[in-house]
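Residue numbers (our numbering): -12 to 567.
Worksheet: the structure to be examined is printed underneath.
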Amino acid sequence: MADQGFSLLILAAGKATRFKSDHSKMLHRLAGRPLGDYVLRAGLQAGPERTYMVIGHEADELRKVYARPGMTFIEQREQLGTGHALMVARPELERCPSPSLLVLVGDVPLLRSQTLRAFVEGHAKSRAAATVLTTRPPDPTGYGRIVRGPGNRVRAIVEEKVATPAQRKIKEINSGILCFARAPLLKHLGELSSENAQKEFLLTDLVEIFNRHRLKVGAFSVADAAEVEGVNDRAQLAEMEKILRLRKAEMLMRDGVTVKDPSVTYIDDEVDVGPDTVIEPGVSLLGRTRVGRGCTLWPYSTIIDSALGDSVTVRPCCVIVKSEIASGAGIGPFAHLRDGAVIGERVRIGNFVEVKKSRIGRDTKAAHLTYLGDANLGERVNIGAGTVTCNYDGENKHATVLEDEVFVGSGSMLVAPLRVGRGSYVAAGSTITESVPAESLALGRARQIVKEGWARTRGKGKSSAAVMVRDVGPVSVFLVAGPLTAGEAAKTVGRKIRQAIEGGRKQVLVNLSGVLYLDSAGLGELFRALASLRSRGGQIKFSDVPEKTLRLLRAAKLDEVMEIYPDESTALASFGTDRT
Ligand code: UD1
Ligand code: CA
């Protein structure tokens, strides 16, 4: 039996001319993996002794993307054709121990390793100098045609550009994949020339060269043309993507996953999904994502490089990146988990909640409108709606620790670094800046003020005014705001002052700072109060009279009977002096 050992050489130096791209075709992604990764994997699975990749365009990037144990990169600085790529590889090929060299193009992603193995075995058995992997696609346009000779041997491969009309009618094409016996390859490689229509060194010209030397060139035909279909432009890339995604969905469905509509579900090649998981339309499972058993993924979520346990529910429109979600958790709708969010068992992450680089202990809930960044939450913690961990001070990120069973009231700002001890409560609406010990209540908010009747008098009817009364020692201070004119307003003010007087108040200060308008009705009320108080031996003073109002009082010479002070404190002080 012939020695079936072989080495693998992948041609990947070319630019993607028909992609109209600044980037190498080998860096374009197909169903989540770099385009050339498919051929490389199939090739490696076929079991080569050595693996070479000829690179040129964006060589450094390709080195990073395609590095594998045992991979040798060969740089073809100038891309003078597929034949030239082999000429550049010559020093490596001379050291290569294998009797056969399998040459692959990088852009045939559907190629299977079984096909490659059969191809290499067939080549070795036939003892040909070269064997071409051929097929008969529905439309052979663009491919090199196989010209057969006596005994079904391959006499030449004619590229489309230089083919005669008769040759163009040939249905059998060159897949671009060839197997060479290494010895004749090295012996005749130097005979390639670029003096042809393409002005390139064409690998396919070796067929004619071998024929000239009476060396045998055979063909190995694959029935399914799709398997060796090349991706030469972006339209073909999209077609191929569709095929691969459908295939992936079918594989998952056979393994017990429900995929409601595979044509609008995007599952990358390396994704794993457990049985009885239901995937609704519009879901994207990308990168190295793992989904457990019995999960429900509602429509339109994107999950990238993440791991989901069993019975996880992801409601619509979530974005989950580089995160872990333990079994029984419920996420979304509209949640965003990213950069190392670790969600515990049965956790509930609700709508408009973002979790970044945080651990959330089991049975914890953050159901609405919350940001948790650089946080570590214990078990059974409750996060009220609108809670924010203020983790960034403009320069650094700080941690927030909420121990087990902490209850954070809605609308709280947790200013990190911060630790809230086990079982403690944060009152709703708090801004918490200092750590809280266990089993405590932390309140951090301004005290509430109620201005009774404020709304009733605010802008409703032109005659509305408001009065606020407070006591400063023995003095009742009336703060009047709004126009003091005929109608309810003036009467209310007057009534309130009289009430105070009747209640035994002897000293009254009326702060008129908010009174920009005063008419006879308003004045009348003030004077009634003044008269009533004086008759009881009390005092009434006024302060903060706006300029406009003051002019009015002066015009009526009323300033002579009213004690008017520029401000409250002066007025208040004057009561004291009067008493002495
Ligand atoms: C090639 C074949 C054609 C075949 C078709 C199948 C030749 C001359 N033609 O044509 O018969 O039907 O594939 O898809 O081989 N490359 C290099 N260095 C170079 C030029 C190309 O490494 O200097 C690499 C490219 O990156 C690519 C592969 O070789 O991976 C094939 O090159 P491409 O330009 O796609 O050849 P085709 O015109 O498709
Ligand atoms: Ca091609």
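All C-beta atoms, glycine included, are put in the ideal place defined by N, C-alpha and C.
message: Taking 8 Å as the threshold (beta carbon to beta carbon), is residue 213 in contact with chain D?
response: Among the chains in the structure shown there is no chain D, since it carries only a single protein chain.
query: When every heavy atom of ligand 1 is checked, does at least one fall within less than 7 Å of the C-beta of residue 48?
result: no
field: For residue 310 and residue 294, the rounded distance between their alpha carbons
entry: 7 Å
query: When you compare only the Cα positions, how much space is there between residue 448 and residue 476?
result: A caution first: residue 448 carries a pLDDT of 49, below 50, which makes its placement in the model unreliable, though a value can still be read off. Cα-Cα distance, rounded: 10 Å.
message: Using a 10 Å radius around the Cβ and a threshold of 16 neighbouring Cβ atoms, would you call residue 144 buried or exposed?
response: buried
query: Between residue 522 and residue 484, what straight-line distance do the alpha-carbon atoms span, to the nearest angstrom?
result: 14 Å
In DSSP terms, what residue 149 is bridged to: Beta-bridge pairing links residue 149 to no other residue.
- prompt: With a Cβ-Cβ cutoff of 8 Å, do residue 274 and residue 291 count as a contact?
  reply: yes
- prompt: Does DSSP classify residue 495 as helix, strand or coil?
  reply: strand
- request: Please report how far the alpha carbon of residue 29 lies from the alpha carbon of residue 8, in whole angstroms.
  value: 26 Å
field: Residues near residue 548 by beta carbon distance below 7 Å, same chain, minus five either side
entry: none
field: Cβ shell of residue 46 (< 7 Å), same chain only, five flanking positions each side left out
entry: 62
message: Using a Cβ-Cβ cutoff of less than 8 Å, which residues in the same chain neighbour residue 197 once the five nearest sequence positions on both sides are dropped?
response: 116, 117, 171, 175, 203 and 204
- prompt: Name the DSSP beta bridge partners of residue 353, please?
  reply: 336 and 370
For residue 401 and residue 376, the rounded distance between their alpha carbons: 5 Å
message: Taking the straight line between their C-alpha atoms, what separation do you get for residue 75 and residue 33?
response: 25 Å
message: Shorter than 7 Å, the distance from the beta carbon of residue 301 to the closest heavy atom of ligand 1, or not?
response: no
task: Output yes or no for whether 8 Å exceeds the beta carbon distance between residue 367 and residue 357.
output: no
query: Can you name, in chain order, every residue of its own chain whose Cβ lies under 7 Å from the Cβ of residue 214, other than the five neighbours on each side?
result: 97, 98, 99 and 102
- prompt: Given 8 Å as the limit, is there contact between the stretch 180 to 192 and the stretch 50 to 69, that is, 3 or more CB pairs closer than that?
  reply: yes
- prompt: Between the stretch 302 to 309 and the stretch 281 to 289, do at least 3 Cβ pairs fall closer than 8 Å?
  reply: yes
message: Using a Cβ distance threshold of 8 Å, determine whether the stretch 246 to 264 contacts the stretch 119 to 132, with at least three qualifying pairs required.
response: no
message: Please classify residue 379 as buried or exposed, where buried requires at least 16 other C-beta atoms within 10 Å of its C-beta.
response: exposed
message: As a quick exercise: from 372, 152 and 387, pick the residue whose alpha carbon is nearest that of residue 365.
response: 387
- prompt: CB-CB under 6 Å to residue 561, same chain, minus the five flanking residues each way: which ones, in chain order?
  reply: none
- prompt: Below 8 Å between beta carbons: does that hold for residue 524 and residue 488?
  reply: no
query: Listed in chain order, which residues are found with a beta carbon closer than 7 Å to a heavy atom of ligand 2?
result: 92, 94, 163, 217 and 219
- prompt: Are there 16 or more other CB atoms within 10 angstroms of the CB of residue 177, so buried, or fewer, so exposed?
  reply: exposed
- prompt: Which residue spans inside the stretch 66 to 108 form an unbroken alpha helix (DSSP H) run of at least 4?
  reply: 69 to 75 and 77 to 82
task: Mark residue 369 as exposed unless 16 or more other C-beta atoms lie within 10 angstroms of its C-beta, in which case mark it buried.
output: buried
- prompt: Do residue 189 and ligand 1 come close, with the Cβ less than 7 Å from some heavy atom?
  reply: yes
- request: Just grab the DSSP bridge partners of residue 17 for me.
  value: 20
message: Which of the three DSSP states is assigned to residue 577 in this structure?
response: Given that the chain is displayed from residue -12 to residue 567, the structure contains no residue 577 and the question cannot be resolved.
field: Through-space distance from residue 226 to residue 17, alpha-carbon basis
entry: 10 Å
message: Please tell me whether, using a cut-off of 7 Å, the distance from the CB of residue 330 to the nearest non-hydrogen atom of ligand 1 is below it.
response: no
- prompt: Within 10 angstroms of its Cβ, does residue 439 collect 16 or more other Cβ (buried), or is it exposed?
  reply: exposed
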